[in-house]
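Encoded as structure tokens, the structure appears first; notes follow it.
Chains as they are written, first to last, in the working numbering: chain S, 3 to 111; chain Y, 3 to 120.
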């Protein structure tokens, strides 16, 4: 059974700081997705990573995938308050997405 | 495109009552997924359909839950009888099939239905 784990589960960081969220998964897959969820809202697609070594960047967020290590990272550069949300990674395997536990990010002044 | 449309947005019902959640996928998408989100268990896949056919319902918690997709533009998730532990947010998502490039786009989620069973 595929297990997808994220850490940390909760992250409080100051504006302007950098940090990385980690996503580990237990079964080989070369497709991984990152989603953002604001409180009480739906999930918004951020990145699609489709191969080993894939790197995608959008604004202050950068995601990467290492399929050999079964690891994806979401790096936050110079955080701003607007990035406060819960971030999920999701692994695609056997035609379905299995989500990680989520990382709740709180950016403070 | 209006995206994935779910109804109702909120549902409060008494234990033992039947609850029906509805979903309209994005036009042209032929894969549909029902997820449940709770604080304790996170996001769980309940069931998914390809071309209106249920493919994997291993996530459906028990016989009280059933899902149908009578056509490409409509799906329902029914709980009968409902119990307090069913309280959660239920999301519907749709995507293209893999051969249509689903991998490049992932899933599009609806706004969810917040279900409270008292």
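Ideal placement from N, C-alpha and C gives every residue a C-beta, glycine not left out.
Local conformation of residue i per DSSP, three classes
| i | result |
| --- | --- |
| residue 31 of chain Y | coil |
| residue 85 of chain S | helix |
| residue 59 of chain Y | coil |
| residue 83 of chain Y | coil |
Distance, residue j Cα to residue i Cα
| i | j | result |
| --- | --- | --- |
| residue 31 of chain S | residue 48 of chain S | 19 Å |
| residue 3 of chain S | residue 28 of chain S | 8 Å |
| residue 86 of chain Y | residue 120 of chain Y | 6 Å |
| residue 62 of chain Y | residue 62 of chain S | 38 Å |
| residue 95 of chain S | residue 88 of chain Y | 27 Å |
| residue 74 of chain S | residue 24 of chain S | 6 Å |
| residue 54 of chain S | residue 72 of chain S | 9 Å |
| residue 5 of chain S | residue 91 of chain S | 12 Å |
Beta-carbon proximity of residue i to residue j, cut-off 9 Å
| i | j | result |
| --- | --- | --- |
| residue 77 of chain S | residue 22 of chain S | yes |
| residue 111 of chain Y | residue 90 of chain Y | no |
| residue 10 of chain S | residue 105 of chain S | yes |
| residue 7 of chain Y | residue 97 of chain Y | no |
| residue 69 of chain Y | residue 27 of chain Y | no |
| residue 118 of chain Y | residue 31 of chain Y | no |
| residue 77 of chain Y | residue 45 of chain Y | no |
| residue 67 of chain S | residue 99 of chain S | no |
| residue 20 of chain Y | residue 82 of chain Y | yes |
| residue 57 of chain Y | residue 36 of chain Y | no |
| residue 17 of chain S | residue 109 of chain S | yes |
Near the ligand NAD: residue i beta-carbon under 8 Å from a heavy atom
| i | result |
| --- | --- |
| residue 30 of chain Y | The ligand NAD is not part of this structure, which contains no ligands at all. |
Within chain S, partners of residue i - CB distance below 7 Å
| i | result |
| --- | --- |
| residue 50 of chain Y | 98 |
| residue 92 of chain Y | Those do not exist, as residue 92 of chain Y stays about 12 Å from chain S at its closest Cβ, beyond 7 Å. |
Within chain Y, the residues that residue i reaches when beta carbons sit closer than 9 Å
| i | result |
| --- | --- |
| residue 104 of chain S | 44 and 45 |
| residue 47 of chain S | 107, 108, 109, 110 and 111 |
| residue 12 of chain S | Ordered by position in chain Y, no residue passes the 9 Å Cβ test against residue 12 of chain S, which lies about 13 Å from the chain. |
Beta-carbon neighbours of residue i, restricted to chain S and to distances below 8 Å
| i | result |
| --- | --- |
| residue 57 of chain Y | 97 |
Chain Y residues whose Cβ lies nearer than 7 Å to that of residue i
| i | result |
| --- | --- |
| residue 35 of chain S | 108 |
Per-residue contacts from residue i into chain C (C-beta, under 9 Å)
| i | result |
| --- | --- |
| residue 112 of chain Y | No chain C is part of this structure, whose protein chains are labelled S and Y. |
List in chain order: all unbroken beta strand (DSSP E) runs of 3+ residues lying wholly within the region 37-69 of chain S. Those beta strand (DSSP E) runs which fall completely within the region 37-69 of chain S and span 3+ residues are 45-51, 57-60 and 63-68.
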